[in-house]
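A.B. asks:
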Amino acid sequence: MDWNWPKIEPYFQDLQTRSLEKRDLHNWMSDWSKLSLLIHESYARFQVGTTCNTTDKKLEERFNIFLENVYPMCDAADQQLKLKLLKSGLNPENFDVPLRQIRSESEFFREKNLPLFTQEKKLTSEYNKIIGAQTVKWDGLEVTITRLEPVSLDSDRAQREKAWRLASDRQLQDREKLNDLWIRFLNLREEIAKNADYSDYISYRWEYLSRFDYTPRNCKEFHASIEEVVVPAAKRILEKRKKQLGYTTLRPWDLNVDPLNHPSLKPFNTANELTSRSAAVFHKVNPKLGAYFDSMISDKVLDLENRKGKAPGGYCTTFASTGTPFIFMNSVGLQRDVRTMLHEAGHAFHAFEKLKLPYYKQHDVGAEFNEVASMAMELLASPYLTKEDGGFYSRTEAARARIQHLEGIVLFWPYMAVVDAFQHWGYENPKAALDAAKCDTTWNRLWDRFMPVTDWSGLEDAKVTGWHRKLHIFNYPFYYVEYGLAQLGAVQVWRNALKNQPRAVVDYCKALALGGTASLPKLYEAVGARFAFDSATLKEGISLLESEMKELEAQA
102 MDWNWPKIEP YFQDLQTRSL EKRDLHNWMS DWSKLSLLIH ESYARFQVGT TCNTTDKKLE
162 ERFNIFLENV YPMCDAADQQ LKLKLLKSGL NPENFDVPLR QIRSESEFFR EKNLPLFTQE
222 KKLTSEYNKI IGAQTVKWDG LEVTITRLEP VSLDSDRAQR EKAWRLASDR QLQDREKLND
282 LWIRFLNLRE EIAKNADYSD YISYRWEYLS RFDYTPRNCK EFHASIEEVV VPAAKRILEK
342 RKKQLGYTTL RPWDLNVDPL NHPSLKPFNT ANELTSRSAA VFHKVNPKLG AYFDSMISDK
402 VLDLENRKGK APGGYCTTFA STGTPFIFMN SVGLQRDVRT MLHEAGHAFH AFEKLKLPYY
462 KQHDVGAEFN EVASMAMELL ASPYLTKEDG GFYSRTEAAR ARIQHLEGIV LFWPYMAVVD
522 AFQHWGYENP KAALDAAKCD TTWNRLWDRF MPVTDWSGLE DAKVTGWHRK LHIFNYPFYY
582 VEYGLAQLGA VQVWRNALKN QPRAVVDYCK ALALGGTASL PKLYEAVGAR FAFDSATLKE
642 GISLLESEMK ELEAQA
């Protein structure tokens, strides 16, 4: 992690000066890959260290030195190697798609953007620190807002409201900080796009994300399909919830409690319990996947429990040179945490499979399929959640957990549309988006368009600043529609599994092993799905989800 540029530079110089003829290609590509894997593992280890402990000033300082003095130099040197490969006219075996990506990266690369990328990464750390520092007093203890989430499952409505308002009030204390941070992000990203000779940030970001197989117009088609097909289904779920609870209005603190007043699901008490039961589930899904997870336990690459000073959210990264994934999350003993574990493990299994490919650039897969790996695993694992399979629940509880999961899929698509549409508006109208009040107004308009039923009366400040609480908007621009597209792909994988679970799992593993060697449509085809934005495919998915929920209700 503490290599400096003078120690790394000779390896790039060696690759730059070596002969690159057909006979040299494999060895040259292998050595380039080894170097890339080491550099990216260094970045990943800094990411893990600084998110596991946002208060570690020394590590943050070392990370900043790496971001300022090492990573940009590596990027610039890497660009020269890309140009060398392109100039050679050689195409390594099974490398058509990665070569297309390299060609694209070479076209938009600008050395003057490297320090701006460093600034952007620092702003990302700043966002994480603001959110990670949000704590409240509850029952005499200082707790993170994440630690309050179990209260949202409490059958006592007054307690739920108290906790929700406490969290919301604390979040609103950072309103100006986050507005200011957003402006800095926006200005920086506009400058990055301009430096790369793009007329707007959307065009630049599309190229940067290697979105060769769809356009911003397709995203808007997807939003419209969700509005047509999914929003009515979401409304049916929420109206039913309101009726079951016996309320005249559904408030934000009423969305997680069991509508039939069952005790909240408590799948585990400790991180060790979450780990051991998850391992049992993965062995049921597929012995090879179970063995992968066992190796992660042995290698101690799981940081699962929420604590003060830990960054928000969950992720899976890869120590690429070592060949080991790492799972980070903030568990507090909820069903949501089980889903997060299944989800992030799907990413980990993807890493294990694609790292078998010989060249680093073959490991680079679009998030549109990366998220199929994770979301499909949530569904492929769902038959094995019962204690009799080594999992978390009784049969009745497992049915309830699965209903919550399937309802969550339906309710997620409209929320995804809000987040994605907000970002399209922001970067289509960058001057207007510098005005936080206009951002609030736009978020509110989109919320009313896609998110029915829930009553936000008297909570307007919390409602309109919802965009502050979606880290992707700040840290990972335009990285959200992938979740919606992948969820549709995952539902199609699940459809296949309901007919033949073993075959669906085999297809899943084969598709993961392709890494980034196939286009998005081909990857979806390999996993038994179709890469789609249309209302017809969504209708099929919603029909399946609603029919399965009806069957599970008889068991719950």
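In the working numbering, the protein residues as written are 102 to 657. Beta carbons are placed, not taken as given, at the ideal position from N, Cα and C, and that holds for glycine.
Between the region 170–179 and the region 211–218, do at least 3 Cβ pairs fall closer than 8 angstroms?
C.D. replies: Yes, they touch.
A.B. asks: May I ask you to verify whether the region 469–478 touches the region 610–627, counting CB pairs closer than 8 angstroms and requiring at least 3?
C.D. replies: A contact exists between the region 469–478 and the region 610–627.
A.B. asks: Compare the Cα-Cα distances from Ala72 to each of Arg501, Lys623 and Pro603 and report the closest residue.
C.D. replies: Given that the chain is displayed from residue 102 to residue 657, the structure contains no residue 72 and the question cannot be resolved.
A.B. asks: Does the beta-carbon distance from Thr419 to Ala598 come in below 9 angstroms?
C.D. replies: Contact flag unset, no.
A.B. asks: With which residues is Trp239 paired in a DSSP beta bridge?
C.D. replies: Note: Trp239 sits in a beta bridge opposite Leu242.
A.B. asks: Report yes if the CB atom of Asp438 is closer than 9 angstroms to the CB atom of Leu405, and no otherwise.
C.D. replies: Yes, Cβ-Cβ distance for Asp438 and Leu405 is below 9 angstroms.
A.B. asks: Since I believe Cys153 is in contact with Phe429 (beta carbons under 8 angstroms), could you give me their beta-carbon distance rounded to a whole number of angstroms?
C.D. replies: Sure, about 7 angstroms apart at Cβ, within 8 angstroms.
A.B. asks: Going along the chain, which residues of its own chain have a beta-carbon closer than 7 angstroms to the beta-carbon of Pro578, five neighbours each way excluded?
C.D. replies: Excluding residues within five positions, the ones whose Cβ falls inside 7 angstroms are Arg290, Arg306 and Gln524.
A.B. asks: Is it buried or exposed for Pro173, if we count other Cβ within 10 angstroms and need 16 for buried?
C.D. replies: Result: buried.
A.B. asks: Counting pairs of Cβ atoms below 8 angstroms between the region 133–152 and the region 460–467, do you hit three or more?
C.D. replies: Output reads yes: the region 460–467 touches the region 133–152.
A.B. asks: Starting from Leu289 and walking both ways along the alpha helix (DSSP H), at which residues does that stretch end?
C.D. replies: Counting along the chain, the alpha helix (DSSP H) containing Leu289 begins and ends at Arg276 to Asn296.
A.B. asks: Taking only three categories from DSSP, how would you classify Phe575?
C.D. replies: Phe575: helix per DSSP, three-state reduction.
A.B. asks: Cβ of Phe218 within 9 angstroms of Cβ of Ile303?
C.D. replies: No, Cβ-Cβ distance for Phe218 and Ile303 is not below 9 angstroms.
A.B. asks: Pick out whichever of Glu652, Glu641, Asp270 and Lys488 has its Cα sitting closest to the Cα of Ala334.
C.D. replies: Among Glu652, Glu641, Asp270 and Lys488, the Cα nearest to that of Ala334 belongs to Glu641.
A.B. asks: Which residue or residues does DSSP assign as beta-bridge partners of Thr156?
C.D. replies: Answer is none; Thr156 lacks a bridge partner.
A.B. asks: Helix, strand or coil for Met517? Go by DSSP, reduced to three states.
C.D. replies: Reduced to three states, the DSSP call for Met517 is helix.
A.B. asks: For Phe632, tell me which candidate among Arg258, Ser648 and Gly590 has the shortest Cα-Cα distance.
C.D. replies: Closest option to Phe632, Cα to Cα, is Gly590.
A.B. asks: Could you tell me the alpha carbon to alpha carbon distance between Thr376 and Met476, rounded to whole angstroms?
C.D. replies: Answer to the nearest angstrom: the Cα atoms are 19 angstroms apart.
A.B. asks: Around the C-beta of Gln588, are 16 or more other C-beta atoms found within 10 angstroms, so that it is buried, or is it exposed?
C.D. replies: It counts as buried.
A.B. asks: Please report the distance separating the alpha-carbon of Lys343 from that of Ser253.
C.D. replies: The alpha-carbon atoms of Lys343 and Ser253 are separated by roughly 15 angstroms.
A.B. asks: Whole angstroms are fine: how far does the CA of Trp129 sit from the CA of Pro111?
C.D. replies: C-alpha separation (whole angstroms): 15 angstroms.
A.B. asks: Below 8 angstroms CB to CB, which residues in the same chain sit around Val198 once its five sequence neighbours on both sides are set aside?
C.D. replies: Around Val198: Gly617, Thr618, Ala619 and Ser620.
A.B. asks: Which of the three DSSP states is assigned to Thr316 in this structure?
C.D. replies: Note: Thr316 maps to coil in three-state DSSP.
A.B. asks: For Leu187, count neighbouring C-beta atoms within 10 Å of its own C-beta (all shown protein chains included) and say buried if the count is 16 or more, exposed if not.
C.D. replies: Leu187 is exposed by the Cβ-count criterion.
A.B. asks: Contact defined as beta carbons within less than 8 angstroms: I believe Tyr581 pairs with His573. What is the distance between those atoms, to the nearest angstrom?
C.D. replies: Sure, about 5 angstroms apart at Cβ, within 8 angstroms.
A.B. asks: Secondary structure at Pro426, three-state DSSP: helix, strand or coil?
C.D. replies: Three-state result, Pro426: strand.
A.B. asks: Within its chain, find whatever has a CB closer than 7 angstroms to the CB of Lys409; leave out the 5 residues flanking it on each side and keep chain order.
C.D. replies: Same-chain partners within the cutoff: Thr236 and Thr245.
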